[in-house]
Every structure is written in structure tokens, then in C-alpha cells.
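Numbering (my numbering), first residue to last: 218 to 714. Cβ coordinates follow ideal geometry from the N, Cα and C atoms, glycine included. Keep in mind it's a predicted model, so treat the numbers as computed, not measured. What follows is a single structure, written as C-alpha cells, with notes after it.
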Ligand SMILES: Cc1cc2nc3c(=O)[nH]c(=O)nc-3n(C[C@H](O)[C@H](O)[C@H](O)COP(=O)(O)OP(=O)(O)OC[C@H]3O[C@@H](n4cnc5c(N)ncnc54)[C@H](O)[C@@H]3O)c2cc1C
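As C-alpha cells, this is what we get:
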């Protein structure tokens with residue numbers, strides 16, 4: 218019998234924890250190394266003065282991917298997590314005063330409140346197209362290998378139906394500007410502007426509107442706690458405050474890692490949840506092929522970062538649901554600032570999450586917890602967010618608050634009881650991601666595919682996991698990708714000499 222390979226996973230975010238589970242159930246000894254004091258990465262819980270905030274991944278779609286993860290370890294998800302369906306899913310506030318609720322089976326509500334907005338027949342055609350993309354995505358994922366998946370995606374891209382970008386597709390089917398703007402937002406959740414995103418990504422519209430949007434009761438950090446519990450039972454070692462500074466290689470094969478305190482740990486297989494470019498640049502700077510590999514990726518750049526305001530509010534804004542978007546007056550200008558000028562948009566689309574609507578104990582009675590998020594560009598080399606804080610009267614924070622006040626959240630500034638601001642500078646430090654990116658690296662060449670190679674170039678038994686290499690940046694896709702990667706690793710181990 219072959220000796221079991223020792224596996225090290227760099228990063229204790231959702232990617233690292235779920236990959237560890239998929240590999241531990243196959244019997245491999247796994248160690249997770251996380252640089253921060255707590256695991257979870259982008260999924261974080263912050264509590265103060267009776268307010269609770271869960272950052273990252275508040276919207277759960279395709280819940281079967283989560284139950285499948287638990288089932289892999291012979292566990293029932295229901296014993297660990299309660300998923301609460303949200304309907305309405307989102308409330309959309311427009312600068313002209315129009316408000317639209319996105320509900321389950323949205324198109325069926327047209328005969329009532331949404332009738333004035335668009336033609337039902339066209340929307341039904343659009344929704345059928347989204348369903349078609351969802352079904353083809355499911356088929357591709359079932360296919361036996363990543364290679365097959367990619368080949369099929371490329372074939373489809375060249376197919377007549379797949380040549381348009383999402384914005385053009387919406388132009389064909391959605392004749393009403395408010396509705397078009399809402400659906401153009403979906404690819405932004407994948408860090409792609411609608412005018413560059415492949416319609417393949419419209420599967421997200423179908424999966425959310427048809428299969429539903431869920432919330433993890435008590436907040437998304439419950440998922441991290443549940444995974445940690447199962448990983449301990451499976452014997453996975455989780456080390457926190459363990460920052461990897463080097464991946465050690467010999468003869469083009471990984472042999473271990475080095476931590477910043479000088480500790481070296483042996484490994485036969487390494488998975489990095491840091492994006493491939495940063496992994497080569499920072500952890501493999503001694504590897505002879507690194508300059509050549511990095512040159513090949515010159516064109517790639519970090520995708521978007523985010524700006525968060527966590528506000529404990531001495532008031533209840535009755536008009537807010539659990540998930541709300543305050544849309545921009547000028548979507549083209551917003552994309553131009555974010556993707557071309559690489560500056561925060563003058564009038565950003567702002568998300569406001571209020572988990573106390575579903576979990577009342579997340580805020581003291583008569584108060585609300587507002588998690589306010591907007592996309593901003595990642596920081597360039599040597600840049601800091603400080604310049605967007607000064608002068609105070611023109612700061613980005615104030616711009617966001619003033620926008621929300623103008624669009625209906627009256628006296629928001631005055632109602633703030635407690636506040637935390639999280640900027641790309643903090644995200645860069647906390648996540649160790651390039652420029653504070655929350656979606657990894659995006660390839661200019663493959664704008665349409667949220668996918669790069671997950672197997673390292675020129676180094677055996679080094680693999681990448683996480684947003685930069687997954688089918689998408691959200692939880693279901695990270696889980697599906699990790700399942701595939703763990704199967705591939707097992708195949709590679711079994712066929713290695
Ligand atoms: C604002 C926001 C909202 C989101 N909303 C949703 C949503 O509603 N639904 C959804 O499905 N998804 C959502 N997502 C996406 C989802 O949260 C992420 O895709 C997922 O959490 C990413 O996990 P990860 O493990 O790939 O990356 P990360 O969470 O970034 O984990 C990487 C980990 O690696 C660690 N690390 C970095 N460098 C080192 C090193 N040298 N040594 C050791 N450790 C290191 C970091 O500290 C971090 O813990 C959202 C994300 C954000 C930011």
C-alpha cells in the first residue's frame with residue numbers, strides 16, 4: 218500500500234477549510250496554516266455594543282452544494298446549520314424614487330406589481346435562456362475532468378448564442394432600463410462588468426430566482442464554525458497565527474513550507490488559497506522558473522476590492538429588507554471609474570445588509586445593524602486608502618452616507634451609535650490579497666471565464682484553490698471547484714511513481 222501523502226493547505230478561509238474536508242475524508246493527513254488569529258478569511262464575525270455583523274457570503278444560493286459538503290463527511294447539514302429562505306430576496310432602490318423587490322419566481326409576479334416594467338413574454342424568453350445556461354453549467358460540472366469542462370466552455374463561447382456579452386443579451390430581452398440595471402448587477406457579484414461578462418454567468422440569475430436565496434441562521438460565520446468542528450473530528454490540524462512565507466521545492470516538486478517564525482514543515486502536496494500570481498511572487502521567489510511564469514501573467518491584474526461600513530444604528534429603517542441595493546444613477550460611469558480609471562466611482566452602487574431583519578438578536582431592540590458595502594478598485598503598488606479619507610468633507614465614507622441619506626435613509630449619520638470602516642488597506646493586510654482584492658486575480662485574456670489553471674506550472678503537487686481559480690467567486694462554485702480539485706489530487710497521487 219502506498220504511503221499517505223502529507224497535505225498542507227495555505228489559508229484557513231472557506232476554500233482552505235472545505236478543501237481540507239474533501240481531502241481528509243479520503244484519509245489524507247491535512248494541516249491548515251492560517252496567518253490570522255482566526256480562521257474564516259473573508260467570512261468574519263464582528264460584535265460590539267450588542268450589534269453583530271457577519272461579513273462576506275450572506276447570500277447562499279444552490280444550497281445543495283453545502284449539504285453535499287456535509288454529506289461527504291457523513292454529516293447532515295441540518296444538524297449544524299439552519300438555512301432560512303429569503304423572499305423577497307432583494308429590495309432595489311433607484312435614484313429616481315422607483316423601488317423594485319426581487320422575489321422568488323420574479324417573472325410570475327409581473328401580473329401584479331411589476332406589470333408596468335416589462336414585457337412578460339420577453340422576460341420569460343430571457344429566463345429560459347438563464348435556465349439553459351444553468352443546465353449546461355450543471356452538465357459541464359458533472360463532466361469527468363476540468364479539461365473537458367474547459368473545452369466545452371470554449372466551444373460554447375464560439376457558438377453563436379454565446380458570443381454576446383451579458384449587457385448585449387439584456388439589451389435584447391429586457392426592454393425596461395430599471396430591470397436591465399438590476400440584472401446587469403449579477404455579473405458584478407463575480408467582479409465582472411456586464412459588458413465584458415459571458416452570458417454563461419447568467420446561470421446565477423436562474424439559480425437565485427428559481428432555486429431561491431437563503432441565509433444561514435445566526436450568520437455565515439456559523440458555516441466556518443461547523444466546518445472547524447467537523448475538521449477537528451476528522452483529525453485535521455488547524456494552526457492559526459501561522460503565516461507561510463515560503464514554499465520549499467526540490468527538483469520541481471514541493472517538499473514543504475516555511476513559516477515567518479522560521480519553522481519548516483514537510484509536505485508532499487500543497488494547496489494555496491492565495492491567488493497563483495501572489496503565490497509565485499511572494500512564496501516562490503527562490504524558484505528558478507518564477508520570473509518566467511510571472512512574465513506570462515503580466516496581463517493579469519487583481520480584481521475589485523471593497524469598502525465596508527459596519528454601522529450600529531439607533532433607529533429602525535422600516536423600508537429596509539435583509540438585502541438592499543441603492544443603485545447608481547450612471548452605471549456606465551461607475552464601470553468606467555472602477556475598471557478603466559481605477560478610482561472609486563463618484564456615485565457607487567451601494568449594498569445595505571440588515572441581518573437583524575432576520576436575526577433580531579443581531580441588534581439591540583429598537584436598533585439596526587447596517588452592513589454597507591460598495592465595490593472599489595484594488596490598491597496599486599505603494600498606494601493607500603488614506604487619500605480617500607481626506608479631506609473628511611469629501612471622503613468616500615461621507616459620499617456613501619450622503620447617497621443613502623438622499624435616497625431615503627434620513628439622518629443616517631446622526632443615527633450612528635457605533636461604527637467600523639473597513640477599507641482596501643485593511644483588506645490587503647487581513648487577507649494578504651493583492652491590493653486588497655476580494656475576488657483574486659482576473660485574467661484580461663479570459664475575462665469571460667472565472668477560471669484559470671488550478672495546477673501549478675512547473676511544480677508538481679502544488680495546487681491553487683479559491684476565487685482566482687474557481688468556476689465563480691461565490692460559495693457554491695468554490696465548493697464545486699474544491700471537490701473537483703480534491704478528486705484530481707487523488708488521481709495525481711495514485712498515478713505518481
Ligand atoms: C463583501 C463580500 C460579500 C460576499 N458575499 C457573498 C455572498 O453573498 N454569497 C457567496 O456565496 N459568496 C459571497 N462572497 C464570497 C465569499 O465570501 C468568498 O468567495 C469566500 O469567502 C472566499 O474564501 P477563500 O478561502 O477563497 O478566500 P479568503 O477568505 O480570502 O481566505 C484566504 C485565507 O488565506 C489566509 N492567508 C493569506 N496569506 C496567507 C499566508 N501567507 N499564510 C497563511 N495564511 C494566509 C488569509 O488570512 C485568509 O484567511 C462575498 C465576499 C465578500 C468579500
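- Contact between residue 690 and residue 407 holds, since their C-beta atoms are separated by about 5 Å, short of 8 Å.
- Between residue 526 and residue 455 the beta-carbon gap is near 31 Å, outside 8 Å, which marks them as no contact.
- For residue 461, the shortest separation between its Cβ and any heavy atom of ligand 1 lies below 7 Å.
- Rounded to the nearest whole angstrom, the CA to CA distance from residue 460 to residue 322 is 46 Å.
- Here residue 271 carries a strand assignment [DSSP, helix/strand/coil].
- Under DSSP, residue 568 shares a beta bridge with 542 and 590.
- Secondary structure remark: continuous alpha helix (DSSP H) runs of at least 4 residues inside the segment 226-282, in chain order: 231-241.
- Beta bridge pairing from DSSP links residue 475 with 463 and 481.
- Per DSSP, the unbroken beta strand (DSSP E) holding residue 638 starts and ends at 633-639.
- Counting along the chain, residue 680 sits inside the beta strand (DSSP E) bounded by residues 679-681.
- The DSSP-derived three-state label of residue 445 is helix.
- For ligand 1, a non-hydrogen atom lies closer than 7 Å to the CB of residue 490.
- Contact between residue 678 and residue 486 holds: CB atoms are separated by about 5 Å, below the 8 Å threshold.
- Of all alpha-carbon atoms in 537, 266, 564 and 224, the one lying nearest the alpha-carbon of residue 581 is that of 266.
- In the structure shown, residue 536 falls within a coil segment according to DSSP collapsed to helix, strand and coil.
- In this structure, the C-beta of residue 695 approaches ligand 1 to less than 7 Å from one of its heavy atoms.
- DSSP places residue 405 inside the alpha helix (DSSP H), whose first and last residues are 394-405.
- Residue 584 places its beta carbon less than 8 Å from that of residue 531.
- In the three-state DSSP reduction, residue 624 falls in the coil class, being neither helix nor strand.
- In the displayed model, residue 514 falls within coil according to three-state DSSP, outside both helix and strand.
- Under the three-state reduction of DSSP output, residue 525 falls in the strand class.
- The segment 247-254 makes contact with the segment 227-239; the number of CB pairs closer than 8 Å reaches 3 or more.
- Here residue 486 carries a strand assignment [DSSP, helix/strand/coil].
- Boundaries for residue 606: no alpha helix (DSSP H) harbours it, and the DSSP string shows neither H nor E there.
- Contact check for residue 653 and residue 644: beta-carbon distance about 4 Å, within the 8 Å limit, so the pair qualifies.
- Per DSSP, reduced to three states, the secondary structure at residue 381 is coil, with no helix or strand assignment.
- Using a C-beta cut-off of 8 Å, the segment 566-578 makes no contact with the segment 595-607, since fewer than three inter-stretch Cβ pairs fall below that distance.
- DSSP, read as helix, strand or coil, puts residue 431 in strand.
- Here residue 305 is not bridged, per DSSP, to any residue.
- Spanning the alpha carbons of residue 649 and residue 253 requires a straight line of approximately 10 Å.
- In this structure, DSSP gives residue 702 a helical state, which the three-state scheme calls helix.
- Between ligand 1 and residue 535, a heavy atom-to-CB distance of less than 7 Å is absent.
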